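Chains A, B, C and D, in that order, are what the protein sequence lines are. Each residue of the first sequence is one higher than the one before, counting from 2 in the numbering used here. Each residue of the second sequence is one higher than the one before, counting from 2 in the numbering used here. Each residue of the third sequence is one higher than the one before, counting from 2 in the numbering used here. Each residue of the fourth sequence is one higher than the one before, counting from 2 in the numbering used here. For every residue, glycine included, the Cβ atom is placed at its ideal position computed from N, Cα and C. If you're wondering where the values come from, they're calculated on a predicted model, not measured in any experiment. The block underneath contains the structure these notes are about, expressed in structure tokens.
Number of protein chains: 4
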Amino acid sequence: MVIVLKPGTTDREKDHIVQKIKDAGLMPHVLIGEERTVIAIIGDERAFQKQALTALPGVEKAVPILSPYKLVSREFKKEDTIVEVNGIKIGGNNVVVMAGPCSVETNDLLTSIAIEIKKAGASILRGGAFKPRTSPYSFQGLGEEGLEYLSEARQRTGLPIITEVLDPRDMPMMAKHADILQVGARNMQNFKLLEEVGSQSKPVMLKRGLSATIKEFLLSAEYIMSAGNPRVILCERGIRTFETQTRNTLDLSAVPVLKRLTHLPVIVDPSHAVGKTYLVAPMAKAAIAAGADGLMIEVHSNPAEAFCDGDQAMLPDDFKQLMIELDRIAVAVGRTLSLGTPASTASTP
Amino acid sequence: MVIVLKPGTTDREKDHIVQKIKDAGLMPHVLIGEERTVIAIIGDERAFQKQALTALPGVEKAVPILSPYKLVSREFKKEDTIVEVNGIKIGGNNVVVMAGPCSVETNDLLTSIAIEIKKAGASILRGGAFKPRTSPYSFQGLGEEGLEYLSEARQRTGLPIITEVLDPRDMPMMAKHADILQVGARNMQNFKLLEEVGSQSKPVMLKRGLSATIKEFLLSAEYIMSAGNPRVILCERGIRTFETQTRNTLDLSAVPVLKRLTHLPVIVDPSHAVGKTYLVAPMAKAAIAAGADGLMIEVHSNPAEAFCDGDQAMLPDDFKQLMIELDRIAVAVGRTLSLGTPASTASTP
Amino acid sequence: MVIVLKPGTTDREKDHIVQKIKDAGLMPHVLIGEERTVIAIIGDERAFQKQALTALPGVEKAVPILSPYKLVSREFKKEDTIVEVNGIKIGGNNVVVMAGPCSVETNDLLTSIAIEIKKAGASILRGGAFKPRTSPYSFQGLGEEGLEYLSEARQRTGLPIITEVLDPRDMPMMAKHADILQVGARNMQNFKLLEEVGSQSKPVMLKRGLSATIKEFLLSAEYIMSAGNPRVILCERGIRTFETQTRNTLDLSAVPVLKRLTHLPVIVDPSHAVGKTYLVAPMAKAAIAAGADGLMIEVHSNPAEAFCDGDQAMLPDDFKQLMIELDRIAVAVGRTLSLGTPASTASTP
Amino acid sequence: MVIVLKPGTTDREKDHIVQKIKDAGLMPHVLIGEERTVIAIIGDERAFQKQALTALPGVEKAVPILSPYKLVSREFKKEDTIVEVNGIKIGGNNVVVMAGPCSVETNDLLTSIAIEIKKAGASILRGGAFKPRTSPYSFQGLGEEGLEYLSEARQRTGLPIITEVLDPRDMPMMAKHADILQVGARNMQNFKLLEEVGSQSKPVMLKRGLSATIKEFLLSAEYIMSAGNPRVILCERGIRTFETQTRNTLDLSAVPVLKRLTHLPVIVDPSHAVGKTYLVAPMAKAAIAAGADGLMIEVHSNPAEAFCDGDQAMLPDDFKQLMIELDRIAVAVGRTLSLGTPASTASTP
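Written as structure tokens, this is what we have:
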């Protein structure tokens, strides 16, 4: 850490700061410049409370040098983490596609969508049983019934399922049904929930909060890893900006930034980011071109009747077409995207 | 709601949309303009899924006319809500000041700060026992021990206490100690927690999320009220913007906007918004000038040793001085701020 | 436009509003709902001052239905505009790459970079002679001397040149040298400059302002077109958000949004958006995958000595490699990117 | 400046960086830590191109210690700058109110508003003759005719006038009429215009850009001062955020931040920030409570007929009332606000 002193700081104040740093077991280096005096701290600054220093008399600011996260960092672990779920690898050279409806509605509908997306080449089924909704008057999900439909759809198709957990009290129920637990954007800093998913063994997909910096995003992932669960998947899903043409602004540069800072796999959810169906396909392609390890895409066979987010859902046929186009992009960036056997014959039913 | 059709929408598509609206028990009015056809919906549009409409072929956009919240709205209840806690009225003509340390640290420290702020005129003691921290390696609060210290401080000073609840499972413990439950900015859309605090009887102070629109903020308050608890207090505490000189940007215009849209009392927390001690006093004054019903201010007798947020805490003496200045502003806007009996003699110790 | 009345608006107020609308030559339709009365306006609402209506007693809000721009809109002109410069087509199926240094520094350096990027397949040379710099103490560009070097580089390579115009008074000088005039992000709402570039005949590339909505961006393009110049190229270059890992946040969803709203070609400048060299290649690829008509990329043979923005410049060899990868993405999305004759033999010098 | 090296940087790379720093005439201090090596630079880092350093191999980041502006800084000049215009002091203990219509419309209307605001205690008349409008189809101002009306209003009332300059070519015309030149938010980084207003002698009020950081704002003021004009007034007028209830978000914490960083006077324009009349009064009061040196407020005798921004204009009578309330706030914070002779008898009609 580097401590910048205010101009006119007294020697006594400076000595006090130096002593504080020594008290913390660190080594201060005082550098007297023309306009400012700077104290550089040698040692693991994480041991130090940044706030404690900036509240000392004479301190103008404290600039951290090291990143505040550790386990999730690329420095801690150089090689890419690959999270394996029922034989499907997330991370590595393969590009994984998760697809399905926003919320689970009926058993039949879910199963039919699951069959369609599998044919198209998706390898994981998404579907919300518990839905975090902005309004208390919106459909809140089927709850445990929805989880059961998901289990049935998995049985029928063999696709592992990913579904969102909202409440730490639901963990036992979730453990029975889900293959991957999703922590949604609104809960990215629900630290009790992070601790809970961190202290069980199923993989966790953590979505970036609407106004979370990448540093905060990684610190939330650090919560999960430091609680004992190394199987963490990150998901960029758009940040809040002033632009209103899209629901949120998909921050695709977060993909290569994250790939540099962390070893964890990075998924992109274009559907929630843009909030309009016609924008999903171009942003899905862009995500893979930017280096994403996978996608999460909403598919619904009747968007106009969807219980939630019908605005952004793709029809199964459009999804099939998109998968073919995504495959071309994956190849162009030297990666592979499984299209599923039946998908290759999709045009001749 | 007003449905705007795309140019070139067919009659069949239009008829389908009209039928959908009728199916929902509402009355469509088709208005054919030169460049666009518009369908106005008469009736309570809240009965309608906005998404369902925009996903219909031919629809360009759907513009809601009514606000999506109801119980919290000024239209639903014209007169100001006053939340009473142990005889202290939040809302109404009085300006209430909540003060105390960011986190509860030791019993002695807490009590001494409580005595100081009471002398200065504060009427509610704040202090975190459970702290939501960005990093898993930061101090997370004393937990139940902290709640006990708060109870003791209340016993000593008579000040009711406000403290943050992070986990729905902690509710019974909270109910034993807290007078007001605080839901923090990061949990503003933790809907399970909102339901939980909504289904008990203690007052709830809901902080605005870092990137929450005022509409979303009110919808989160609606969660609490619709779960059965009408004693909701709103708190503006800064929103996330591009500016880095302050921790967040305090949106003081939210105060008069909220006072127009809702009957609930509005508190401002300048300490967390700005994150730097020297900015707290001017922003506290500005908040009262803007019409806030109260303030929440961090006070610590030794900020440089504070376990969290020492950067923004005021010294008790500075707080005392601020209270005197706040009183003048309150008077200037036709309101009253209790200065506490001993405070009036503070200058003659 | 749709006018929403406040609850409790009197008949007299309503009649006054209705009269105002008729006075403007438009037709009001009054729709009386259960909770709100709405007045829909039939006719070209652009004739109306939105503000004038919202300031009338009784009006809660006015919701425009039509977009405020006209000449730039896809409704006004269905087919894609192709801007041709010295035989190079911007827009259409071809993907165009503009490259070069941030600022023009020396004649030799500029020419050598121009030769390199041409070899790699770039078809337009970029370089700033007048630089808009945040600090008055930063290098402000070589001025007219820089323009002359650009002219010489064009003569040597045949590449048309694009350069930024900062001052309406520089137009005659610019007209002598530039092939495409660039209006930078900071000048997107410098309306006098927009009028000036709109009243001459050279193509104009307009960059999106740091905090410009897409609607404002299109209205600025409308300034240029309505002044008489139809040869407008749009350029997304990142918007300002709270994230600090990148200089700005590249809003790639703006590409498909713009392609739907306007007929004008859309270029992406990843270099300025991200501000770090290692992020330029993934974002360039993503831009083409998202449907961009071209790219503007900073290339410098010695970034550490660059007079400006060395942080984000690519080395010529890395740019060559990127062009090969971009070509694959272009093919994958059914478009073509000229790699330049020498580039195809680049690996065997 | 502090240079943080990447982990694994070679000695050769390090030596190269050290040499670069010495070449710039500065002194490098190499500090080898456990996880990172840091090089602190002693001397005036402004002499150094930050970019040049970060583009060097081995450099992870460069953290500046000194602020990049100089003349505008509080360190450069400790005492508050007071800008005097026709005997009116902007800055210092007095709180100055500028008021008037958004745009100049007719001679009679302007004069009548000028008389009204003077009566209420305003000391400077505002009015736009050249209006920067988002749409080319909106009213663009009366131009020179508007300037003449302003001159006449000044002659009638004695109030100095402030009006916006959009184009460097208009400077001679402006010099004839205006007492204070305003540079609007959209032109805050129109550097040619800044140089122009900096090289003449009239005071300049510089508005903060919609997405300008405080650092950028001060650097734009530095442009004006470094061009030779020390009479600069800063104006906070709202920044762009995600919130849509207000036109922009008024960043009142910018007031105390600026008062600490710079010696220049700070004005607040609540009208443009919030964009709705009912919000102007509370935010005007809050601005003075936060420490602003003055206000700019839009007043129009018939907002519904205003050529622009009628939404946010106050009626003269409401403005009169506001001035009385502002006076109380000014007194409460130990400052004075002149109420004008007739205004002091306003309460006894």
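Just checking: is the beta-carbon of Leu143 of chain C within a distance shorter than 8 Å of some beta-carbon in chain D?
For the purposes of this step, residue 143 of chain C is identified with residue 142 of the third sequence, where counting begins at 1. Not closer than 8 Å to any Cβ of chain D, the Cβ of Leu143 of chain C fails to qualify, so no.
Please confirm whether Leu32 of chain A and Ile22 of chain D have their CB atoms less than 8 Å apart.
Taking the first sequence and counting its residues from 1, one reaches residue 32 of chain A at position 31. Taking the fourth sequence and counting its residues from 1, one reaches residue 22 of chain D at position 21. Ile22 of chain D is positioned such that its CB atom lies no closer than 8 Å to that of Leu32 of chain A.
Shortest alpha-carbon distance to Leu151 of chain B belongs to which of B:Thr250, B:Leu111, B:Asp171, B:Gln313?
What you label residue 151 of chain B is simply residue 150 of the second sequence in a count that begins at 1. Comparing Cα-Cα distances from Leu151 of chain B to each of B:Thr250, B:Leu111, B:Asp171, B:Gln313, the minimum goes to B:Leu111.
Please list the partners that Pro69 of chain A has in chain B, where partner means a Cβ-to-Cβ separation under 7 Å.
Within the first sequence, the letter at position 68 stands for residue 69 of chain A. By Cβ distance, chain B contributes Ser136.
Based on Cα-Cα distance, which residue from D:Ala282, D:Arg232, D:Thr247 lies nearest to Val267 of chain D?
For the purposes of this step, residue 267 of chain D is identified with residue 266 of the fourth sequence, where counting begins at 1. For the set D:Ala282, D:Arg232, D:Thr247, the Cα lying nearest the Cα of Val267 of chain D is the one of D:Arg232.
Coil, strand or helix - Asn95 of chain C by DSSP:
Taking the first residue of the third sequence as 1, we reach residue 95 of chain C at position 94. DSSP, read as helix, strand or coil, puts Asn95 of chain C in strand.
Distance check for Ile330 of chain C and Val334 of chain A, CA to CA, integer angstroms please.
Indexing the first sequence from 1 puts residue 334 of chain A at position 333. Indexing the third sequence from 1 puts residue 330 of chain C at position 329. Using only the alpha carbons, I get a separation of about 8 Å.
Would you check if the distance between the CB atom of Gln205 of chain A and the CB atom of Ile162 of chain A is smaller than 8 Å?
To locate residue 205 of chain A, count along the first sequence from 1; it is residue 204. To locate residue 162 of chain A, count along the first sequence from 1; it is residue 161. Here residue 205 of chain A is Val; the residue named in the question, Gln, does not match the sequence. No; because the gap between Cβ atoms is not below 8 Å, this pair is not in contact.
How is Thr250 of chain A classed by DSSP in three states: helix, strand or coil?
Along the first sequence, read from residue 1 onward, the residue named residue 250 of chain A stands at position 249. Three-state result, Thr250 of chain A: strand.
Note the first and the last residue of the continuous alpha helix (DSSP H) segment covering Val332 of chain C.
Translated into positions along the third sequence, residue 332 of chain C becomes position 331. Run containing Val332 of chain C: 317-333, per the alpha helix (DSSP H) assignment.
DSSP state of Ser345 of chain A, grouped into three classes?
Start at 1 with the first residue of the first sequence, and residue 345 of chain A comes out as number 344. Bear in mind that the predicted position of Ser345 of chain A carries a pLDDT of just 37, short of 50, making it unreliable; the figure below should be weighed with that in mind. DSSP places Ser345 of chain A in helix when its eight states are reduced to three.
Name the two residues that bound the continuous beta strand (DSSP E) containing His30 of chain B.
In the second sequence, counting from the first residue as 1, residue 30 of chain B sits at position 29. Note, His30 of chain B: beta strand (DSSP E), 28-33.
Near-chain A residues of the stretch 31-50 of chain D - C-beta to any C-beta below 9 Å:
If the cut-off is 9 Å between Cβ atoms, the stretch 31-50 of chain D has Leu32, Ile33, Gly34, Glu35, Glu36, Arg37, Val39, Ala41, Ile42, Ile43, Gly44, Asp45, Glu46 near chain A.
Spatial neighbours of Arg37 of chain A within its chain, please: CB distance less than 7 Å, with the 5 preceding and 5 following residues excluded, ordered by chain position.
Taking the first residue of the first sequence as 1, we reach residue 37 of chain A at position 36. Same-chain partners within the cutoff: Val5, Leu6, Pro8.
Beta-carbon contacts of Ala228 of chain B that lie in its chain and below 6 Å, excluding the five residues immediately before and after
The count along the second sequence starts at 1 and reaches residue 228 of chain B at position 227. Sequence-distant Cβ neighbours of Ala228 of chain B in its own chain, meaning closer than 6 Å and more than five residues away, are Glu196, Gly199, Ser200.
So Lys193 of chain C contacts chain D; which residues on that side make the cut at Cβ distance below 7 Å?
Numbered from 1 along the third sequence, position 192 holds the residue referred to as residue 193 of chain C. The answer, in chain order, is Leu167, Asp168.
Contacts of Ser212 of chain A in chain B (Cβ-Cβ under 7 Å):
Indexing the first sequence from 1 puts residue 212 of chain A at position 211. The answer, in chain order, is Leu211, Ser212, Arg241.
Buried or exposed for Gly276 of chain D, going by 16 or more other Cβ atoms inside 10 Å?
For the purposes of this step, residue 276 of chain D is taken as residue 275 along the fourth sequence, with counting starting at 1. Buried is the call here.
Check whether the Cβ of Glu76 of chain C lies closer than 8 Å to any Cβ atom in chain B.
To locate residue 76 of chain C, count along the third sequence from 1; it is residue 75. It does: the Cβ of Glu76 of chain C has a partner Cβ on chain B nearer than 8 Å.
Would Gly128 of chain A pass as a contact of Thr164 of chain A if the rule is Cβ separation under 8 Å?
On the first sequence, residue 128 of chain A is found 127 positions in, with the first residue counted as 1. On the first sequence, residue 164 of chain A is found 163 positions in, with the first residue counted as 1. Closer than 8 Å, so yes.
Measure from the C-beta of Ser345 of chain A to each C-beta in chain B and report whether the shortest distance is under 8 Å.
Taking the first sequence and counting its residues from 1, one reaches residue 345 of chain A at position 344. In this predicted model, Ser345 of chain A has a pLDDT of only 37, less than 50, meaning its place in the structure is not dependable enough to derive any value.
Taking 7 Å as the limit between beta carbons, can you name the residues of its chain near Thr346 of chain A, skipping five residues before and five after?
On the first sequence, residue 346 of chain A is found 345 positions in, with the first residue counted as 1. Note on Thr346 of chain A: pLDDT 37, under 50, position unreliable in the model; no value is reported.
How is Pro350 of chain C classed by DSSP in three states: helix, strand or coil?
As a working note, residue 350 of chain C is residue 349 in the third sequence. Its pLDDT being 35, under 50, Pro350 of chain C is placed unreliably by the model, and nothing is read from it.
Check Met189 of chain B in the structure and name its three-state DSSP category.
Translated into the one-based positions of the second sequence, residue 189 of chain B becomes position 188. Met189 of chain B: coil per DSSP, three-state reduction.
In three-state terms, what does DSSP make of Lys62 of chain C?
Counting from one through the third sequence, the residue named residue 62 of chain C turns up at place 61. Three-state result, Lys62 of chain C: strand.
For Gly311 of chain D, tell me which candidate among D:Cys103, D:Glu80, D:Tyr224 has the shortest Cα-Cα distance.
By one-based count along the fourth sequence, residue 311 of chain D stands at place 310. Comparing Cα positions, the closest option is D:Cys103.
How far does the alpha helix (DSSP H) with Val275 of chain B in it extend, from its first residue to its last?
Here residue 275 of chain B corresponds to residue number 274 of the second sequence, with the count starting at 1. Unbroken alpha helix (DSSP H) run through Val275 of chain B: 271-275.
Look up Val166 of chain C in the DSSP assignment and say whether it is helix, strand or coil.
Position 165 of the third sequence, counted from the start, is the residue given in the question as residue 166 of chain C. Note: Val166 of chain C maps to coil in three-state DSSP.
In whole angstroms, what separates the C-alpha of Pro58 of chain D from that of Leu67 of chain B?
Here residue 58 of chain D is taken as the residue at index 57 of the fourth sequence, counted from 1. Here residue 67 of chain B is taken as the residue at index 66 of the second sequence, counted from 1. Rounded to the nearest angstrom, the two C-alpha atoms are 58 Å apart.
Output the boundary residues of the beta strand (DSSP E) element that contains Gln183 of chain D.
The residue you call residue 183 of chain D lines up with position 182 of the fourth sequence. Start and end: 181-184.
Between Val3 of chain B and chain C, is there a C-beta pair that is closer than 8 Å?
For the purposes of this step, residue 3 of chain B is taken as residue 2 along the second sequence, with counting starting at 1. Taking Cβ atoms only, chain C reaches closer than 8 Å to Val3 of chain B, which makes this a yes.
By the DSSP assignment, the beta strand (DSSP E) with Gly295 of chain D in it spans what residues?
For this step, residue 295 of chain D is matched to residue 294 along the fourth sequence. It spans 295-299 - the beta strand (DSSP E) in which Gly295 of chain D sits, taken as one unbroken run.
C-beta atoms of Val97 of chain A and Ser124 of chain A nearer than 8 Å:
Here the question's residue 97 of chain A lines up with position 96 in the first sequence. Here the question's residue 124 of chain A lines up with position 123 in the first sequence. Contact flag set, yes.
Would you decide whether Thr107 of chain D is buried or exposed? Buried here means 16 or more other CB atoms lie within 10 Å of its CB.
Within the fourth sequence, numbered from 1, the residue matching residue 107 of chain D stands at position 106. Label assigned to Thr107 of chain D: exposed.
Using a Cβ-Cβ distance cut-off of 8 Å, determine whether Ile83 of chain A contacts chain C.
As a first step, residue 83 of chain A is located in the first sequence; it is residue number 82 there, counting from the start. For Ile83 of chain A, no CB of chain C lies under 8 Å from its own CB, so it is not counted at the interface with that chain.
In the DSSP assignment, the alpha helix (DSSP H) including Lys7 of chain A goes from what residue to what residue?
Here residue 7 of chain A corresponds to residue number 6 of the first sequence, with the count starting at 1. It is not in any alpha helix (DSSP H) - Lys7 of chain A carries neither H nor E in the DSSP assignment.
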